[in-house]
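First comes the structure, then the notes that go with it.
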Amino acid sequence: MRTATNDSLPVETTVREALEKVRSSKFQTLLVTDRCGVVGVLGQLKLEQEPSESADKKIGELVNAMVFPHAHSDQGLDLALERMGAHQLEMLPVVNRANVHQLEGVITLRDVLKAYGVGPRDGA
4 MRTATNDSLP VETTVREALE KVRSSKFQTL LVTDRCGVVG VLGQLKLEQE PSESADKKIG
64 ELVNAMVFPH AHSDQGLDLA LERMGAHQLE MLPVVNRANV HQLEGVITLR DVLKAYGVGP
124 RDGA
């Protein structure tokens, strides 16, 4: 798990603005937040699948704050990898068990692969 960076957007952000952000971001995944905390996760692919006439739609309408892909710090990497694959995301929020909206950090696909010994070696 790593500290969450600035890869989050408020629910009031439009699809157009979110696409601009994700295209310029290090990750192709964004966390969606409101006053309670994290309420969803959106990947670039999902945003790009929105019809062009939906460009002014709020991203809060694209997520379900009650059910969204996430992990808890005591869960295994295999579960995180499974959820990333199922939802075509390269990052998952790691949230508090008592409050699913309280962000504790994030886990990235690169983190998981590195933990399994897959990927570029340092110095190579």
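The sequence shown begins at 4 in the working numbering and counts up by one. Ideal Cβ positions, reconstructed from N, Cα and C, are used throughout, including at glycine.
Residue pairing from DSSP leaves ARG26 without any beta-bridge partner. Excluding its 5 nearest sequence neighbours in each direction, PRO13 has C-beta neighbours in its own chain below 7 Å: THR36 and ASP37, listed in chain order.
Scanning the stretch 13-93 for uninterrupted alpha helix (DSSP H) segments of 4 residues or longer gives 18-27, 47-52 and 80-90, listed from N- to C-terminal end.
Non-local beta-carbon contacts of GLY63 in its own chain, meaning distances under 6 Å to residues more than five positions away in sequence, involve VAL14 in chain order.
Here the alpha carbons of ALA68 and ARG5 stand approximately 22 Å from one another. Counting other Cβ atoms within 10 Å of its Cβ, GLY43 reaches 16 or more and is therefore classed as buried. Here GLN47 has LEU22, VAL25, ARG26, GLN31 and THR32 as same chain residues with Cβ atoms under 8 Å from its own Cβ, once five neighbours each way along the sequence are excluded. Take the alpha-carbon of ASP77 and the one of LEU116: they are about 18 Å apart. Residue nearest to ASP10 within the set PRO72, ARG19, ASN102 and SER28 is SER28 (criterion: CA-CA distance). A straight line joining the alpha-carbon of LYS61 with that of GLU53 spans about 11 Å.
PRO123 sits exposed, since fewer than 16 C-beta atoms from the chains shown fall within 10 Å of its C-beta.
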